[in-house]
Amino acid sequence: MHASFLTLLAASQAALAAPSTFTLKDRASAAAYVTTSDLSHKLSPAAAPVQGNGTGGSSTWSLSIDDTASGHKQTIIGFGGSVTDATVTVMNALSADKRTQLIKELLTQAGADFSFLRHTIAASDLSAPPAYSYDDSNSQADPNLANFNLGDRGTAMAKMLATFRTVKSGLTILGSPWSAPGWMKLNRVLTGNANNNQLDPNYYSQYAQYFVKYLQAFKANGATIDALTIQNEPLNNQGNGHVTMYQSADEATKVTQQYVGPALRAAGFNLPIWAYDHNTDVPSYPRTVVNGAGTYVNAAAWHCYASNLDWTVLTSFHNDYPSKHQYMTECW
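If you use mature numbering (1 follows the signal peptide of the UniProt record, and there is no 0), the sequence shown corresponds to residues -17 to -1, 1 to 315, in order.
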């Protein structure tokens, strides 16, 4: 993970439907809102930038609004942020009053009014050492997941998300893991070794049940999860102490379609899975997953860290899969 804020955008068939299927609001001019670093203005109405001389004429903006059916491209579902172990630690270090105020400023119309959150499933690169999963088992295999346990940090995460839900019940929460437990991987370690840093096929079923137990444990703590990616940045295979796990598109397809998807449904969880969760420079990856696991996958998740950003990738994906959403799940 590179940042703690994200923008989530969903492009769906409904968003691009014929004019008769939605109503556009007439607007003669743009509206602008301003937030300043000293908080003297917090989403305060302001004069919109204009082109030419006169009031606001010093603006470098050139604004053109096409508020018509032909100009309506996609629907912005919402904006939000990431909740990592670092987030939870910092927020829990605040006094109760300050924490309540911060949550209000993040999640309500008195502040940013976030509607989406992406949280880390166990350790990420924004976790204090040691790295951990929800079933470490002292590095010993635990095929029945008898030692599954959120631990202190997982429980704190679940309780924080539950608190957020009490403030905003309509919040959408995405869960993303940085790695499977070390004993489930071919290299048998959670961090530190890029060789064979991928799931052991013998533990595909256990990985699926790991997600089930995670969802059950979070729900028991009042934190329901709305969507999953089965691996953050699956093409990031760096070692050197980083929490990562490599997962090819073909493997992600198989794990999603044959293991994770069916296991979630069997346990009563009908939440969607979002494919990929990585950069735009390998656009074939989410296509492969959608083609092979479309029963359970309803969206592609993108990051913005590719060396050569090409946003036409999202347009092409939408044109070929108009019923699938797209989300920018990590970007700074």
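We put the CB at the ideal spot given by N, CA and C, even for glycine.
Is it buried or exposed for residue i, if we count other Cβ within 10 angstroms and need 16 for buried?
| i | result |
| --- | --- |
| Ala105 | buried |
| His24 | exposed |
| Asn130 | exposed |
| Thr295 | exposed |
| Pro112 | exposed |
| Asp119 | buried |
| Gly37 | With a pLDDT of 49 at Gly37, under the threshold of 50, the predicted position of this residue should be treated as unreliable, though the coordinate-derived value follows. The residue is exposed, with fewer than 16 neighbouring Cβ atoms inside 10 Å. |
| His(-16) | At His(-16) the pLDDT is 48, less than 50, meaning the model places this residue with poor confidence and gives no usable figure here. |
| Arg101 | buried |
| Thr278 | exposed |
| Tyr117 | buried |
| Tyr242 | buried |
| Gly63 | buried |
| Gln192 | buried |
May I have the straight-line CA-CA distance separating residue i from residue j, to the nearest angstrom?
| i | j | result |
| --- | --- | --- |
| Ile208 | Gly158 | 7 Å |
| Asn302 | Pro266 | 13 Å |
| Phe5 | Ala235 | Confidence at Phe5 is low in this model, with a pLDDT of 40, below 50, so its placement is unreliable and the value that follows should be read with caution. Going by the C-alpha atoms only, they are around 36 Å apart. |
| Lys196 | Asp125 | 14 Å |
| Lys8 | His225 | Legend: pLDDT at Lys8 = 49, less than 50; position of this residue unreliable, value from coordinates given subsequently. Near 48 Å, if we compare the C-alpha coordinates of His225 and Lys8. |
| Leu169 | Trp285 | 27 Å |
| Pro28 | Thr18 | 9 Å |
| Arg136 | Ile86 | 19 Å |
| Leu182 | Gln189 | 10 Å |
| Ser65 | Asn121 | 29 Å |
| Asn220 | Pro164 | 15 Å |
| Asn274 | Ala93 | 42 Å |
| Gln230 | Ser47 | 43 Å |
| Val238 | Thr212 | 12 Å |
| Gly222 | Thr51 | 50 Å |
| Thr138 | Pro217 | 25 Å |
| Asp233 | Tyr259 | 11 Å |
| Arg148 | Tyr115 | 25 Å |
| Met311 | Val172 | 30 Å |
| Ala95 | Leu22 | 12 Å |
| Gly153 | Thr103 | 20 Å |
| Asn176 | Leu26 | 46 Å |
| Ala246 | Trp161 | 20 Å |
| Gly244 | Asp49 | 41 Å |
| Asn215 | Tyr16 | 34 Å |
| residue 388 | His261 | Outside the displayed range of the chain (-17 to 315) lies residue 388, so it cannot be described from this structure. |
| Asp80 | Ser107 | 28 Å |
| Ala249 | Phe194 | 12 Å |
| Gln84 | Met228 | 37 Å |
| Ser20 | Glu88 | 14 Å |
| Pro184 | Ala210 | 24 Å |
Ordered along the chain, which non-local residues of its own chain (more than five positions away) have a Cβ less than 6 Å from that of residue i?
| i | result |
| --- | --- |
| Cys287 | Cys314 |
| Tyr186 | Met167 |
| Asn179 | Leu169 and Asn170 |
| Gly200 | Here residue 200 turns out to be Ala, not Gly, going by the sequence shown. Cβ neighbours of Ala200 beyond the five flanking positions: Leu133. |
| Ala145 | Asn204, Gly205 and Ala206 |
| Met140 | Val71 |
| Leu297 | Gln309 |
| Met143 | Val71 |
Take residue i and list the residues in its own chain whose beta-carbon comes closer than 8 Å to its own, dropping the five residues that flank it on each side.
| i | result |
| --- | --- |
| Ser290 | Asp264 |
| Gly61 | Leu(-10), Phe97, Ser98, Phe99 and Thr155 |
| Phe300 | Pro266, Pro269, Arg270, Ala283, Lys307 and Gln309 |
| Asn127 | none |
Pop quiz: residue i and residue j are said to be a contact at Cβ under 8 Å. What is the actual Cβ separation, rounded to whole angstroms?
| i | j | result |
| --- | --- | --- |
| Thr174 | Leu109 | The pair is not a contact, with the Cβ atoms about 14 Å apart (cut-off 8 Å). |
| Thr90 | Lys151 | In the sequence under discussion, the amino acid at residue 90 is Leu, which differs from the Thr named in the question. Indeed, because the Cβ distance is near 4 Å, the residues count as touching under 8 Å. |
| Leu240 | Ala276 | It is Gln, not Leu, that sits at residue 240 in the sequence shown. Contact holds; Cβ gap of about 4 Å. |
Please work out which residues of its chain come closer than 7 Å, Cβ to Cβ, to residue i, disregarding the five sequence neighbours upstream and downstream, and give them in chain order.
| i | result |
| --- | --- |
| Ala14 | Ala31 |
| Asn281 | Pro255, Lys307 and His308 |
| Arg82 | Met74 |
| Leu198 | Ile208 and Phe252 |
| Ser53 | none |
| Val272 | Ala232, Ala235, Thr236, Thr239, Ala258, Tyr259 and Val280 |
| Gln123 | Trp166 |
For the ligand FMN, I want to know if residue i counts as a neighbour, meaning its beta carbon is within less than 6 Å of at least one of the ligand's heavy atoms.
| i | result |
| --- | --- |
| Ala210 | Inclusion of the ligand FMN in the displayed structure is not the case, the ligand content being empty and no account of it being possible. |
Quick one: does residue i have its CB under 7 Å from some CB of chain B?
| i | result |
| --- | --- |
| Arg248 | Reference to chain B is not applicable here, since this structure consists of a single protein chain. |
* **Sequence ranges, alpha helix (DSSP H) only - wholly within the region 213 to 292, length at least 4** => 232 to 237, 244 to 249 and 267 to 276
* Asked: Unbroken alpha helix (DSSP H) runs of length 4 or more, entirely within the region 46 to 80: which are they?
  -> 68 to 75
* To do: Mind listing, in chain order, the continuous alpha helix (DSSP H) runs of no fewer than 4 residues lying wholly within the region 106 to 191?
  => 134 to 150
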